[in-house]
Amino acid sequence: MAIGQMKLYFSVHIRALVICSNGYALVLREAPMEDSSCSKCFIQFTPESQITTDGLEEVHKQIYGFIGLIRSKGETFAGFITERRAIGDPIGDQMAYQICDTMFVNFKGEIASYYKIQSEDVNGDYISSGIYSITKLLATGTFYYSPNCDLALSLEDRNLGGGEVGGEISEYSSTQNLQDDYPGRFVWNCDMIDQLSIFRSRLSKSERLTFDFGLFYITIIRGFVGQKSTNGNTLMIISRQDARKYGPLFGPAGMDDEGNVANFVESELILQTENSLSSYKLIRGNVPLFWKLDSHLLSTKVEFERSEDGTKHAFNRFFEGLCAQYGRILILDALSNNGSQPEMSERYLKALNYLHDDSTELQIGYKKLGNPQFLHKRDNESYYRSLVDDQCVVDELSYHGAFVLKSRQTQTQTQTQTQLGTVLVSSLDSIDRSNFLMMKVSEIYLQNLFGKLSNIPDELWFAHHEIWTMNGNALGKLANSYNASIKTKNKTGGLIGKVAEQGKKYISSSSQGGTSSGRQHQLDRLLGRKDKEKHVMLIDLVHDYVFNRLQKRRADYATTKELLIYCVTFNVNAIAYEKDLTEFLFPEKSEFDKYDLVVIALEEVIELTPSKVMSIDPAIRSHWEKKLNDTLNKNQEKAYSFLRSEQLGGILLLVFSNLENVDNIKNVESSVKKTGFKGISANKGGVAISFNYSSHSRLCFIGSHLAAGQNHEIERHQNYKTISKGIKFKRQKGIKDSDILIWMGDMNYRIDLPGYFVRKLLKCKPLSKAINNNEETSSSDYEEEYSNLNQSESNKNSLENLNESNSNKKSIDALESEFSKAMSIVEKKGDLSLEEEEFVLSKLFDHDQLNLQMSQGKSFPFFNEMEINFKPTYKFDKGTDVYDTSEKQRVPSWTDRIVYYTKQSDILKQIRYGSIPSYKFSDHKPVYGVFKANLEIVDDHKKCAIEQELYEQRKREQGYESILEKSSKALEKTAHDGLLKHGLPAPSSKENRWWRLADENKDEKSSNIVFPALDSGQCIINPNIPKNPFVGTTEPLFIGK
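With the sequence shown counted from 1, adding 11 to any position gets you my numbering.
Next up, the structure:
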């Protein structure tokens, strides 16, 4: 299909953009929304003949393609490629281009282009600094695209007609799912075309082809594309830089929680001879562990941020993804023998051995390169060759093979072959070393192809060396300009590295050229990861109809899975417990001996002293991870996998999953928020871990430690607000964006009653007699003890020792009157029955600070907590079940709590809430909760098929109506129609006050209510109707006078 010229029109009046190409038009119109923080656009794809460009202004600029929509500084911009340079096309009809300049246009018709800004006045109001940084990044010459195919896909994955060289392209090859498909990791405008990709998937096949070849949908990659030709043979290299990793993309950094590593690049070499076409892929990246360089001035030591168990989940996901994409993997470990790198190699190999034990089906080989300290000598090619020219390596590469296409010109038809494996070069952070090793491995691949192809001329070997050198220089430029200071520290180290760093910063600041390859903030803007930037939502005319019909047919593509979730919180009082924890994890083993998810929140795993908080010993975290993991997997029918842990000061949150559910868990994220000393200190705060279950359900767990003190409930309320607002995940998601949110920890909320009174109701021994178990007690004992306690001068000077809240002081007589029934129960001889104990606890719970705050809608609004039927869990003398007998005499309280929040009430049910009093090494008792979650599992393939069917049906029924001709009011109504599920009209606005009568003034702020029966003077309101409007009655509303 031929590719036509693209034209762009805009209308400031109706805030619309019209993109025309190949006889079709893509119409975008900004939706009228009162909330400027979000952006919605109506979209329509239609034949150009069905719209008119009268009244629209044309942008007179050569345009080569539409790269998507982006939000910046409150404005929505559409991006276009305006300058390009042809690189080459060894295949035919799949030319690769280097992007040289782009243009961004908003709905006001304002244009931003990097080279236009360079040559014209940059102080104009139309310039957006956010867009300026993106245009500058895209003009670095490091981005590439093809108008005919998706360069993120390898040659083997593209749709070549007939599987032959020179065959026509049967369909535009593109990544189907930008978020989940493996090639989507290489698409750098993924965020810009994410909504466009969804819209594209709803089009019919013929419309989709027109859409693609009209250049309305283009994917761009970053890295290097180069081509060399000699004697009729063509060699092309395509290196694709990973864009999916969160955090540093370059430099000395490890992997993220999804198993994405820094410096990850896929390099594909394509070779076309007269009769055949072949390609093979090689990959490289930093070592896939959680590590970083020590940040101290005189140190270059590598710090390992997580234990072996804490690394397993992401490490396994990394290699599972590689094996699924490439088949067999051969690892070449290029770490040196200096510093901490030998230890990293040991950890790397150990993690691989664990992976082999867990997943025997994965075919992963490993080779440690010897004497790698010489690998930095780029001129020593013979030594490089000796490292990889090993018979085991050669045999493995021979098995990998390559992708080979037959030629229509040969009489003997060659069977099309595929690549069965690839090589992964792992290093600390060496671009040159990795590139040179890959070049030598590539030579072995070429030699293996000699038996399958005609002889390759000698000139091609020189071209091969040259193109790999160009590749190394280009990728080195990306890394060097990204984080020069960290690379200097890695190469030079210590104080000298810091001095060199300042020199590089000076050179960078003195440079006036626009060739920087991009800093982190530029990359974050392009990839849609800036915290304050919102994403653009596209709405087409039939969207609401399809959405509602999909909801009605949900049973056709969705099922429900029940998960058993165990949550427990425990303030361990800085004790690394060594004894058995079976009861801690299985308190009701006869009832619940198998869980799907286990979430553990520990508080005070370290002493909360300034020195301990500032320098946390990683051995403490490792101890708890290993101890809990071993306990879970000891003699259990279900094997549990350690999913993730996160620590903030003394708070440690750990999540485990049984192996049956691990594959359904994706996008694991964590976040922390400090609240100690006005958000500076980590002695108090919150830790959160969130993840998707089967991509459609989001779960979030929070462990927290709030402000202590009997009278500090206001400060605890502020802690809650700080944590709930301050914890953010990717794409600026908050905790309540989750479908299920479970919050637990040492909340430190107290009971607002005198200490002696609470002890009396709990039927405790008097304070001075608590250790004498044989002595009887009476009410006078408690009153005498409390009277003596108040005579202590030290207690009078301490707010903690008042044992009551300043906001809820009650006289002894008032308390005795309120609790008379409870007192009569506890004063009887013998143990209380279960019903009696629950009654007494309920009376105490009425004075619980958290209960009062939740009932008043202050702290934890819309959260739920199951009824408490266990005794207060704080504070005990260590090693006993005796409440605090120290000088402070703290009020027994339910400080340790578990609360939960759900978007839908039927998806989570708490079935247990209790404490585990058998653990006595701390001054707290553990509190646990057992939940049943009903999560929806969606079959995306079935859903997409139904959605496509509904779209086609709606288009036939509705016919065509241009969104350019519809009024803003009609468009706004279209945006809201069908979304409300209870038969109510859309919310009223200034333009649409549906509740007004036809003859009323629409600009009035109030409306008169008219009752003709009353206005006539003949009737009055019936005085016999019930005052409660919800009580049924047969009485008429009005009666005659």
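Cβ atoms here follow ideal geometry from the backbone N, Cα and C, with glycine treated the same way. Remember, it's a predicted structure, so these values are computed and weren't measured experimentally.
Straight through space, the alpha carbons of Phe887 and Val893 are spaced by roughly 5 Å.
DSSP assignment within the segment 62-122 yields the following whole beta strand (DSSP E) runs of 3 residues or more, N-terminal first: 68-74, 76-83, 86-99, 107-117. Excluding residues up to 5 positions away in sequence, Phe235, Gly237, Ile248, Ser250, Ser278, Asn446 lie with their Cβ nearer than 7 Å to the Cβ of Asn482 in the same chain. Here the alpha carbon of Arg317 sits roughly 20 Å from the alpha carbon of Asn669.
The C-alpha of Gln743 is placed about 38 Å away from the C-alpha of Gln105.
Here the segment 221-235 lies against the segment 153-172, with 3 or more beta-carbon pairs under 8 Å apart. Setting aside the 5 residues that flank it on each side, Ile442 is surrounded in the same chain by Leu486, Gly487, Ala490, each with a C-beta closer than 6 Å to its C-beta; the list follows chain order. The alpha carbon of Ala693 has as its nearest neighbour, out of Ile922, Ile700, Glu657, Glu876, the alpha carbon of Glu657. For Lys684 against Gly737, the beta-carbon gap comes to about 4 Å, under 8 Å, which counts as contact.
Counting only residues of its own chain and dropping the five nearest sequence neighbours on each side, Tyr257 has a CB closer than 7 Å to the CB of Asp267, Lys741.
If you look at Lys677, you'll find it in the beta strand (DSSP E) that goes 676-687. Boundaries of the beta strand (DSSP E) around Glu614: 608-614.
Assignment of beta-bridge partners to Asn348 by DSSP yields no partner. For Cys201, the enclosing alpha helix (DSSP H) covers residues 201-212.
Per DSSP, Trp905 is not a residue of any alpha helix (DSSP H), being assigned neither H nor E. Setting aside the 5 residues that flank it on each side, Thr429 is surrounded in the same chain by Phe414, each with a C-beta closer than 6 Å to its C-beta; the list follows chain order. Note that the C-beta distance between Ile948 and Ala569 is below 8 Å. Within a 10 Å sphere around the beta-carbon of Asn640 sit 16 or more other beta-carbons, which makes this residue buried. As computed with DSSP, Ala36 is found in a beta bridge with Cys31, Thr57. Secondary structure at Lys51: strand, using DSSP grouped into helix, strand and coil.
For Phe224, the enclosing alpha helix (DSSP H) covers residues 216-224.
Residue environment: Phe473 is assigned as exposed (fewer than 16 neighbouring CB atoms within 10 Å of its CB, all protein chains considered). Within the same chain, no Cβ atom closer than 6 Å to the Cβ of Asp369 is found once the five residues on either side in sequence are excluded. Of all C-beta pairs linking the segment 88-107 to the segment 276-295, three or more are shorter than 8 Å, placing the two stretches in contact.
Rounded to the nearest angstrom, the Cβ distance from Pro1047 to Asn1033 is 6 Å, consistent with a contact under 8 Å. His546 is bridged by DSSP to nothing; it lacks a bridge partner. Going by DSSP, Met247 is part of no alpha helix (DSSP H) but of the beta strand (DSSP E) stretching over 244-252. DSSP places Arg727 in the uninterrupted alpha helix (DSSP H) bounded by 724-737. The beta carbon of Leu961 is closer than 6 Å to those of Val557, Arg560 in its chain, skipping five residues each way along the sequence. In the three-state DSSP reduction, Ala587 falls in the coil class, being neither helix nor strand. Within the same chain, Ile713, Val910 come within 6 Å of Trp754 by CB-CB distance, once the 5 residues on both sides are set aside. For Lys303, the three-state secondary structure derived from DSSP is strand.
Between Leu343 and Ser437, the beta carbon gap of about 7 Å places them in contact (Cβ cut-off 8 Å). In the three-state reduction of the DSSP assignment, Ala630 falls in the helix class. For the pair Gly243 and Glu357, the Cα-to-Cα distance works out to about 48 Å. Short of 6 Å from the beta carbon of Asp551, and not among the five residues preceding or following it, lie these beta carbons of its own chain, in chain order: Ile54.
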